[in-house]
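Residue numbers for the sequence shown follow my numbering, beginning at 452 and rising by one. Here a beta-carbon is modelled for each residue, glycine too, at the ideal position from N, C-alpha and C. Comments concern the structure below.
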Amino acid sequence: MTRPTSSAPSQRMLRVGEQVRAAITQVLQRGEVRDPLIEKTVISISEVRMSPDLKIATAYVTPLGVPDHNAVIDALNRNAKYIRGRLGPQLRQMKYMPEVRFRDDTSFDNYQKIDALLRSPEVSRDLDADRDDEQE
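What follows is the structure, encoded as C-alpha coordinates:
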(Lines of atoms letter the chains of each structure in order from A and count residues from 1; the text may use other names and numbers.)
(Lines give C-alpha, C1' and ligand atoms only; values in the text may rest on other atoms or scores of the structure.)
Protein backbone atom coordinates (compact mmCIF):
# COMPACT_ATOMS: atom_id res chain seq x y z
CA MET A 1 0.00 0.00 0.00
CA THR A 2 1.41 3.40 -0.93
CA ARG A 3 1.63 6.27 1.49
CA PRO A 4 -0.04 9.57 0.69
CA THR A 5 2.40 12.20 -0.50
CA SER A 6 0.58 15.23 0.88
CA SER A 7 0.54 16.33 4.49
CA ALA A 8 -3.19 17.02 4.37
CA PRO A 9 -5.36 14.87 6.65
CA SER A 10 -7.00 11.86 5.08
CA GLN A 11 -10.77 11.46 4.84
CA ARG A 12 -10.59 8.86 7.59
CA MET A 13 -8.69 11.23 9.91
CA LEU A 14 -11.26 13.97 9.27
CA ARG A 15 -14.23 11.63 9.82
CA VAL A 16 -12.84 10.16 13.05
CA GLY A 17 -11.87 13.65 14.26
CA GLU A 18 -15.45 14.81 13.82
CA GLN A 19 -16.75 11.74 15.68
CA VAL A 20 -14.34 12.38 18.57
CA ARG A 21 -15.35 16.06 18.63
CA ALA A 22 -19.03 15.12 18.90
CA ALA A 23 -18.29 12.58 21.65
CA ILE A 24 -16.23 15.06 23.71
CA THR A 25 -18.97 17.66 23.28
CA GLN A 26 -21.57 15.23 24.63
CA VAL A 27 -19.42 14.37 27.65
CA LEU A 28 -18.96 18.07 28.48
CA GLN A 29 -22.63 18.95 27.87
CA ARG A 30 -23.87 16.21 30.17
CA GLY A 31 -21.63 17.54 32.95
CA GLU A 32 -19.85 14.22 33.47
CA VAL A 33 -16.55 15.89 34.36
CA ARG A 34 -16.57 16.83 38.05
CA ASP A 35 -14.29 19.85 37.97
CA PRO A 36 -15.74 23.15 39.20
CA LEU A 37 -13.96 25.20 36.54
CA ILE A 38 -15.14 22.95 33.69
CA GLU A 39 -18.68 22.70 35.08
CA LYS A 40 -19.22 26.47 35.18
CA THR A 41 -17.54 27.26 31.84
CA VAL A 42 -19.11 27.07 28.40
CA ILE A 43 -16.54 25.37 26.18
CA SER A 44 -16.61 25.43 22.39
CA ILE A 45 -14.72 22.65 20.60
CA SER A 46 -13.97 23.96 17.14
CA GLU A 47 -11.91 21.08 15.78
CA VAL A 48 -10.30 17.77 16.66
CA ARG A 49 -7.22 16.77 14.67
CA MET A 50 -6.26 13.12 14.65
CA SER A 51 -2.76 11.74 14.27
CA PRO A 52 -2.25 9.54 11.17
CA ASP A 53 -2.44 6.36 13.29
CA LEU A 54 -5.64 7.67 15.02
CA LYS A 55 -4.10 7.19 18.48
CA ILE A 56 -3.84 10.88 19.45
CA ALA A 57 -6.71 13.36 19.27
CA THR A 58 -5.85 17.05 19.68
CA ALA A 59 -8.97 19.04 20.55
CA TYR A 60 -8.89 22.79 19.90
CA VAL A 61 -11.17 24.47 22.42
CA THR A 62 -12.30 27.99 23.24
CA PRO A 63 -13.65 28.69 26.72
CA LEU A 64 -16.36 31.33 26.28
CA GLY A 65 -16.64 34.21 28.72
CA VAL A 66 -13.44 33.35 30.59
CA PRO A 67 -10.48 35.75 30.50
CA ASP A 68 -7.91 33.07 31.45
CA HIS A 69 -8.09 30.31 28.85
CA ASN A 70 -5.01 28.54 30.22
CA ALA A 71 -6.72 27.61 33.50
CA VAL A 72 -9.57 25.90 31.62
CA ILE A 73 -7.16 24.16 29.22
CA ASP A 74 -5.12 22.89 32.20
CA ALA A 75 -8.30 21.62 33.89
CA LEU A 76 -9.32 19.78 30.72
CA ASN A 77 -5.86 18.22 30.38
CA ARG A 78 -5.96 17.13 34.05
CA ASN A 79 -9.24 15.34 33.33
CA ALA A 80 -8.21 14.02 29.89
CA LYS A 81 -7.93 10.38 31.02
CA TYR A 82 -11.39 10.48 32.56
CA ILE A 83 -12.83 12.09 29.41
CA ARG A 84 -11.09 9.44 27.31
CA GLY A 85 -12.79 6.74 29.37
CA ARG A 86 -16.20 8.37 28.88
CA LEU A 87 -15.74 8.40 25.08
CA GLY A 88 -15.90 4.60 24.87
CA PRO A 89 -19.65 4.15 24.32
CA GLN A 90 -19.75 6.66 21.45
CA LEU A 91 -16.56 5.38 19.79
CA ARG A 92 -17.09 1.61 20.04
CA GLN A 93 -16.04 1.08 16.43
CA MET A 94 -12.45 2.24 17.07
CA LYS A 95 -9.73 -0.33 17.63
CA TYR A 96 -7.81 1.99 19.97
CA MET A 97 -9.32 4.74 22.10
CA PRO A 98 -7.33 7.88 21.24
CA GLU A 99 -5.37 9.82 23.82
CA VAL A 100 -7.05 13.22 24.12
CA ARG A 101 -5.05 16.44 24.33
CA PHE A 102 -6.60 19.88 24.69
CA ARG A 103 -5.15 23.03 23.13
CA ASP A 104 -6.34 26.64 23.04
CA ASP A 105 -7.91 27.56 19.71
CA THR A 106 -6.36 30.82 18.52
CA SER A 107 -8.06 30.88 15.12
CA PHE A 108 -10.70 33.37 16.33
CA ASP A 109 -7.95 35.78 17.36
CA ASN A 110 -6.39 35.44 13.91
CA TYR A 111 -9.75 36.15 12.25
CA GLN A 112 -10.15 39.29 14.36
CA LYS A 113 -6.67 40.52 13.39
CA ILE A 114 -7.38 39.98 9.69
CA ASP A 115 -10.75 41.73 10.02
CA ALA A 116 -9.11 44.68 11.77
CA LEU A 117 -6.49 44.90 9.02
CA LEU A 118 -9.12 44.86 6.29
CA ARG A 119 -11.07 47.62 8.05
CA SER A 120 -7.99 49.81 8.60
CA PRO A 121 -7.95 53.21 6.83
CA GLU A 122 -4.87 52.32 4.76
CA VAL A 123 -6.46 49.23 3.24
CA SER A 124 -9.81 50.90 2.61
CA ARG A 125 -7.99 53.82 0.96
CA ASP A 126 -6.17 51.38 -1.35
CA LEU A 127 -9.41 49.58 -2.15
CA ASP A 128 -11.15 52.87 -2.95
CA ALA A 129 -8.25 53.80 -5.27
CA ASP A 130 -8.57 50.43 -7.08
CA ARG A 131 -12.32 50.96 -7.56
CA ASP A 132 -11.72 54.45 -8.97
CA ASP A 133 -9.16 53.03 -11.46
CA GLU A 134 -11.62 50.36 -12.60
CA GLN A 135 -14.41 52.92 -13.18
CA GLU A 136 -12.23 55.10 -15.42
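Residue nearest to residue i in terms of C-alpha spacing, selected from the options
i, options, result
"Asn481", "Arg537, Lys546, His520", "Residue 481 is actually Arg in this sequence, not Asn. If we check each option's Cα against that of Arg481, Arg537 comes out closest."
"Ala531", "Val478, Asn561, Ser558, Ser571", "Val478"
"Phe559", "Ile507, Arg529, Tyr533, Ser497", "Ser497"
"Ala589", "Ile534, Val484, Arg485", "This structure gives no information on residue 589, because the portion of the chain shown stretches from 452 to 587."
Residue i, buried or exposed, once every other Cβ within 10 Å from all chains shown has been counted against 16
i, result
"Pro503", "exposed"
"Thr513", "buried"
Where the beta strand (DSSP E) containing residue i begins and where it ends
i, result
"Met548", "Here Met548 belongs to no beta strand (DSSP E), and DSSP marks it neither H nor E."
"Val499", "493 to 501"
Inter-residue Cα distance where the pair is residue i and residue j
i, j, result
"Leu568", "Glu490", "36 Å"
"Ile524", "Tyr511", "10 Å"
"Ala473", "Leu527", "16 Å"
"Val467", "Met501", "7 Å"
"Pro554", "Val574", "The sequence given here has Arg at residue 554, not Pro. In a straight line, the C-alpha of Arg554 is about 33 Å away from that of Val574."
Residue i - containing alpha helix (DSSP H), residue span
i, result
"Pro460", "Note, Pro460: premise wrong, no alpha helix (DSSP H); not H, not E."
"Val523", "520 to 529"
For the 8 Å Cβ check, are there 3 or more pairs between the segment 563 to 582 and the segment 536 to 553? Output reads no: the segment 536 to 553 does not touch the segment 563 to 582.
Report yes or no: do three or more beta-carbon pairs, one from the segment 510 to 518 and one from the segment 491 to 499, lie closer than 8 Å? Result yes; three or more Cβ-Cβ pairs closer than 8 Å.
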